[in-house]
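A.B. asks: The structure follows.
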Amino acid sequence: MLIGLFEALRSARVPVSLREWLDFMAALEADFAFADAEALHALARTILVKDERHFDRFDRVFGQYLAGIESIGPEQLTAIPDDWLRQSMQRLLSDEEKAKIESLGGLDKLMEEFRKRLEEQKERHSGGNRWIGTGGTSPFGAGGFHPGGIRVGSQGGGRMAAKVWDQRIYRNLDADAELGPRNLKIALRRLRRFAREGAAEELDLDGTIAATAREGGMLDIRLRPERHNAVKVLLFLDVGGSMDEHVYACESLFGAAKSEFKRFEHFYFHNFIYDHVWRDNLRRSSEATSTSELLRRYNPDHKVIFVGDAAMGPYEITHAGGSVEYWNEEPGSVWFQRLKERFRKVAWINPTPMNRWHYTASTDFVRELVEDKMYPLTPHGLADAMRYLAR
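Per the working numbering, residue 19 is the first one in the sequence shown, and the count goes up by one each step.
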């Protein structure tokens with residue numbers, strides 16, 4: 019029956035492998051989840067979902083799949099072995115719920131009456147106090163109000179059934195969820211290349227054991243440089259104007275990048291890059307850094323990342339004097355081309371949602387300059403950018 023769930027997950031682009039699915043089947047055979055939709059959901063998500071970015075997508079597929087199979091006909095219900103139902107109820111019901119069942123004469127009486135009505139009932143029923151259906155006071159059904167009943171169906175009513183089989187509470191997480199330090203760090207970690215450089219300050223346990231053995235048991239402590247991400251990053255951040263509405267997202271990205279990359283340099287610009295940038299917005303007029311100096315100072319293996327909404331007048335990119343702050347002798351597109359020629363990998367991160375990129379002609383122009391390596395500032399978009407830069 020569950021093969022449909024596997025197919026639905028794959029269709030929704032939740033990356034579930036056959037190996038993980040077999041592990042899930044083995045867990046079900048071991049009775050880790052039985053007759054409990056919430057337990058089934060938790061078990062399936064734990065085994066099948068490798069990346070928290072897919073949690074929300076998995077939850078939606080799981081809910082839709084359960085909605086498609088939750089309407090069980092009388093012929094299927096009568097085929098369920100009595101011992102399965104009894105064992106499940108004994109294990110899952112609380113003492114209070116078991117006490118409610120006693121109001122009907124005990125579990126045996128409840129099960130006997132349930133079977134009898136299944137055999138007698140020939141059609142769907144809603145309301146009333148006898149048949150299996152919805153919205154009534156019968157002890158069997160959904161959406162009703164009997165204090166000691168068996169829930170049959172998809173939705174409860176007065177929350178008075180002995181067991182609510184399919185109550186599920188999900189926490190939404192998606193690739194384009196609200197930005198935060200954690201999901202940004204996860205995305206940035208796709209750009210990793212570890213190396214051991216610098217002073218030897220970290221204990222080398224394997225080396226210490228080998229050296230001690232060579233010294234006949236005399237302790238010989240060996241140290242080694244700390245292992246860290248050796249990727250070198252140049253981050254250019256657009257500030258002011260239309261970027262003011264993206265301050266929180268850019269701050270989150272900036273903080274995540276500083277913690278993830280050991281070799282990390284950042285500079286600011288406004289709208290587009292020209293002949294100078296700056297490190298401190300409060301002293302940008304007195305402590306600007308020449309773009310030509312950056313081209314000389316940093317090696318081509320630096321990964322260059324621009325962060326900006328690319329929303330400006332096209333002339334700010336294409337013309338000398340296009341800057342809104344001063345007279346630039348050369349167009350911004352010329353300086354951008356020099357950066358591309360100097361550095362092997364350049365990407366642009368845009369905090370504006372992708373469906374609004376076409377609102378400004380300058381955004382399309384910047385996409386052309388960066389050879390379509392523009393990505394949205396979402397965890398998913400950032401992960402795509404890191405994959406490109408890592409190649």
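Beta carbons: idealized from backbone N, C-alpha and C, even for Gly.
So, for I187: in the same chain, excluding its five sequence neighbours on each side, which residues have a beta-carbon less than 6 Å away from its beta-carbon?
C.D. replies: Within the sequence shown, the letter at position 169 stands for residue 187. Per-residue confidence for I187 stands at a pLDDT of 42, beneath the threshold of 50, marking its modelled position as unreliable; no derived number is given.
A.B. asks: State buried or exposed for R409, treating a residue as buried only when at least 16 other CB atoms are found within 10 Å of its CB.
C.D. replies: Taking the sequence shown and counting its residues from 1, one reaches residue 409 at position 391. The residue in question, R409, is exposed, as its Cβ has fewer than 16 Cβ neighbours within 10 Å.
A.B. asks: How is N317 classed by DSSP in three states: helix, strand or coil?
C.D. replies: As a working note, residue 317 is residue 299 in the sequence shown. N317: coil per DSSP, three-state reduction.
A.B. asks: Three-state secondary structure (DSSP) at N373?
C.D. replies: The residue labelled residue 373 in the question sits at position 355 within the sequence shown. The answer is helix: DSSP assigns N373 an H, G or I state.
A.B. asks: Could you pull the DSSP bridge partners for D256 from this structure?
C.D. replies: Here the question's residue 256 lines up with position 238 in the sequence shown. According to DSSP, which records beta bridges pairwise, D256 is partnered with F287.
A.B. asks: Within 10 angstroms of the Cβ of I21, are there 16 or more other Cβ atoms? Answer buried if so, exposed if not.
C.D. replies: Within the sequence shown, numbered from 1, the residue matching residue 21 stands at position 3. Exposed is the call here.
A.B. asks: Excluding the 5 residues flanking A195 on each side, which residues of the same chain have their C-beta closer than 6 Å to its C-beta?
C.D. replies: Locating residue 195 in the sequence shown gives position 177, where the first residue counts as 1. Caution is warranted here: a pLDDT of 46 is assigned to A195, below 50, making its placement in the model unreliable, and no coordinate value can be reported.
A.B. asks: Round the Cβ separation of S260 and D327 to the nearest angstrom and send it over; I've been treating them as touching at under 8 Å.
C.D. replies: The residue given as residue 260 occupies position 242 in the sequence shown. The residue given as residue 327 occupies position 309 in the sequence shown. Right, the Cβ-Cβ distance comes to about 6 Å (below 8 Å), so this counts as a contact.
A.B. asks: Are E334 and D293 closer than 8 Å when you measure CB to CB?
C.D. replies: Numbered from 1 along the sequence shown, position 316 holds the residue referred to as residue 334. Numbered from 1 along the sequence shown, position 275 holds the residue referred to as residue 293. The answer is no: Cβ separation not under 8 Å.
A.B. asks: Tell me the rounded alpha-carbon separation between G145 and A85.
C.D. replies: Here residue 145 corresponds to residue number 127 of the sequence shown, with the count starting at 1. Here residue 85 corresponds to residue number 67 of the sequence shown, with the count starting at 1. Summary for G145: the model assigns pLDDT 46, below 50, so the residue's position carries little reliability, and this model does not support an answer.
A.B. asks: Are T396 and A329 touching if we call contact CB-CB under 8 Å?
C.D. replies: Here residue 396 refers to the residue found at position 378 when the sequence shown is read from its first residue. Here residue 329 refers to the residue found at position 311 when the sequence shown is read from its first residue. Cβ distance not < 8 Å, so T396 and A329 don't count as in contact.
A.B. asks: Identify which residue in E263, V322, D256 has its Cα closest to the Cα of E283.
C.D. replies: Within the sequence shown, residue 283 is the residue found at index 265, counting from 1. Nearest option by C-alpha distance: V322.
A.B. asks: Contact check, F363 vs L407 under 8 Å by CB: the rounded distance?
C.D. replies: In the sequence shown, counting from the first residue as 1, residue 363 sits at position 345. In the sequence shown, counting from the first residue as 1, residue 407 sits at position 389. A small correction: the amino acid at residue 363 is Lys; Phe does not occupy that position in the sequence shown. K363 to L407, Cβ: 5 Å. Contact.
A.B. asks: Relative to the C-alpha of L241, which residue among G235, A229, G234 is closest?
C.D. replies: By 1-based counting over the sequence shown, the position of residue 241 is 223. For the residues G235, A229, G234, the minimum Cα distance to L241 belongs to A229.
A.B. asks: With contact counted as at least three CB pairs below 8 Å, one residue from each stretch, are the region 338-352 and the region 295-305 in contact?
C.D. replies: Not touching, per the Cβ criterion.
A.B. asks: A44 and V79: beta carbons closer than 8 Å?
C.D. replies: As a first step, residue 44 is located in the sequence shown; it is residue number 26 there, counting from the start. As a first step, residue 79 is located in the sequence shown; it is residue number 61 there, counting from the start. Cβ atoms of A44 and V79: not closer than 8 Å.
A.B. asks: Considering only C-alpha positions, which residue in the set L23, L66, A48, D49 is nearest to E38?
C.D. replies: As a first step, residue 38 must be located in the sequence shown, where it is residue number 20. When each option's Cα is compared against that of E38, the closest is L66.
A.B. asks: Output the distance between the C-alpha atoms of A248 and A55, rounded to the nearest integer angstrom.
C.D. replies: In the sequence shown, counting from the first residue as 1, residue 248 sits at position 230. In the sequence shown, counting from the first residue as 1, residue 55 sits at position 37. Each residue's Cα considered, the two are about 46 Å apart.
A.B. asks: Under the rule that 16 or more other beta-carbon atoms within 10 Å means buried, what is K276, buried or exposed?
C.D. replies: As a working mapping, residue 276 is identified with position 258 in the sequence shown. By the neighbour-count rule (16 or more Cβ atoms within 10 Å), K276 is not buried but exposed.
A.B. asks: With burial defined as no fewer than 16 other Cβ atoms inside 10 Å of the residue's Cβ, what is the status of N373: buried or exposed?
C.D. replies: Locating residue 373 in the sequence shown gives position 355, counting from the first residue. Looking at its Cβ environment, which holds fewer than 16 other Cβ atoms inside 10 Å, N373 is exposed.
A.B. asks: Could you check how far apart the C-beta atoms of H288 and D256 are, in whole angstroms? I think they sit under 8 Å.
C.D. replies: Stepping through the sequence shown from its first residue, residue 288 is reached at position 270. Stepping through the sequence shown from its first residue, residue 256 is reached at position 238. Sure, about 7 Å apart at Cβ, within 8 Å.
A.B. asks: Check each candidate in V295, L221, D69, L312 and name the one with the smallest Cα separation from S304.
C.D. replies: The residue labelled residue 304 in the question sits at position 286 within the sequence shown. For S304, the nearest C-alpha among the options comes from V295.
A.B. asks: What is the DSSP secondary structure of V249, reduced to helix, strand or coil?
C.D. replies: Against the sequence shown, residue 249 aligns to sequence position 231. Here V249 sits in coil by DSSP.
A.B. asks: Please classify M236 as buried or exposed, where buried requires at least 16 neighbouring CB atoms within 10 angstroms.
C.D. replies: Residue mapping note: residue 236 aligns to position 218 of the sequence shown, counting from 1. When all chains shown are included, M236 counts as exposed.
A.B. asks: Quick check: the Cα distance between L313 and S351, rounded to an integer number of angstroms?
C.D. replies: The sequence position of residue 313 within the sequence shown is 295, counting from 1. The sequence position of residue 351 within the sequence shown is 333, counting from 1. Their backbone Cα atoms lie some 15 Å apart in a straight line.
A.B. asks: Measuring alpha carbon to alpha carbon, tell me which of Y377, T309, F290 ends up nearest L387.
C.D. replies: Within the sequence shown, the letter at position 369 stands for residue 387. Selected option, being the one with the closest Cα: F290.
A.B. asks: In angstroms with no decimal places, state the Cα-to-Cα distance between V251 and L400.
C.D. replies: Locating residue 251 in the sequence shown gives position 233, counting from the first residue. Locating residue 400 in the sequence shown gives position 382, counting from the first residue. Approximately 14 Å, taken between the alpha carbons.
A.B. asks: Ordered along the chain, which non-local residues of its own chain (more than five positions away) have a Cβ less than 7 Å from that of H337?
C.D. replies: Working through the sequence shown from its first residue, we reach residue 337 at position 319. P349, listed in sequence order.
A.B. asks: Nearest to R385 by CA position, among A403, W366, Y377, H398, is which residue?
C.D. replies: The residue labelled residue 385 in the question sits at position 367 within the sequence shown. If we check each option's Cα against that of R385, W366 comes out closest.
A.B. asks: Please look up how many angstroms separate the CB atoms of H376 and R71, rounded, as I've assumed it's under 8 Å.
C.D. replies: Numbered from 1 along the sequence shown, position 358 holds the residue referred to as residue 376. Numbered from 1 along the sequence shown, position 53 holds the residue referred to as residue 71. Going by Cβ atoms, the distance from H376 to R71 rounds to 26 Å, so no, they are not a contact pair.
A.B. asks: Spatial neighbours of P33 within its chain, please: C-beta separation below 6 Å, excluding the five flanking residues on both sides.
C.D. replies: Numbered from 1 along the sequence shown, position 15 holds the residue referred to as residue 33. So no residue of the chain qualifies.
A.B. asks: Within its chain, find whatever has a CB closer than 8 Å to the CB of P318; leave out the 5 residues flanking it on each side and keep chain order.
C.D. replies: Reading the sequence shown from its first residue, position 300 is the one you call residue 318. Correct list, in chain order: R360, F361, R362.
A.B. asks: Report the three-state DSSP secondary structure of L221 (helix, strand or coil).
C.D. replies: Numbered from its first residue, the sequence shown carries residue 221 at position 203. If DSSP states are grouped into helix, strand and coil, L221 belongs with the strands.
A.B. asks: Here's the rule I'm using: 16 or more other beta-carbon atoms within 10 Å means buried, otherwise exposed. How should W353 be labelled?
C.D. replies: As a first step, residue 353 is located in the sequence shown; it is residue number 335 there, counting from the start. W353 comes out buried.
A.B. asks: Have a look at C268 and F42 and give me their C-alpha separation to the nearest angstrom.
C.D. replies: Indexing the sequence shown from 1 puts residue 268 at position 250. Indexing the sequence shown from 1 puts residue 42 at position 24. About 40 Å.
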